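> Below you'll find the structure I mean.
Residue numbers (the working numbering): 87 to 179.
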């Protein structure tokens with residue numbers, strides 16, 4: 087698959103996850119990841135206890151390199167569900 091076509095989805099491709107590969111003349115031209123993936127937070131500001139309402143947000147870098155806005159209570163090492171269509175936090179495990 088062309089590297090330019092992969093740039094948008096590379097951060098959502100997780101080993102062993104199913105994805106859709108589109109072919110044209112037997113050549114792969116695009117990759118579509120699943121709608122949601124589970125990623126691990128590897129870098130973010132310290133979590134704040136008491137922010138259960140999730141009214142605020144902070145950037146968090148995932149193990150694949152993608153950066154997602156997450157609630158303030160999310161800490162390094164937690165696994166979170168990310169919507170690959172919108173790059174939004176969708177919950178935690």
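Even for Gly, the Cβ is constructed at its ideal location relative to N, Cα and C. All figures in this text were calculated on a predicted structure; none of them were measured in a lab.
1. Would you call the CB atoms of residue 174 and residue 149 closer than 9 Å?
2. In this structure, how does DSSP classify residue 86 when only helix, strand and coil are distinguished?
3. Excluding five sequence neighbours on each side, which residues of the same chain lie with their C-beta closer than 7 Å to the C-beta of residue 169?
4. Per DSSP, residue 100 is paired with what?
5. Which value, in whole angstroms, describes the spacing of the CA atoms of residue 105 and residue 117?
6. In the DSSP assignment, what residue or residues form a beta bridge with residue 178?
If we stick to the structure as given:
1. no
2. Residue numbering for the chain in the displayed model covers 87 to 179; residue 86 lies beyond these limits and cannot be assessed.
3. Excluding residues up to 5 positions away in sequence, 121, 122, 176 lie with their Cβ nearer than 7 Å to the Cβ of residue 169 in the same chain.
4. None, per the DSSP bridge assignment.
5. 7 Å
6. 166
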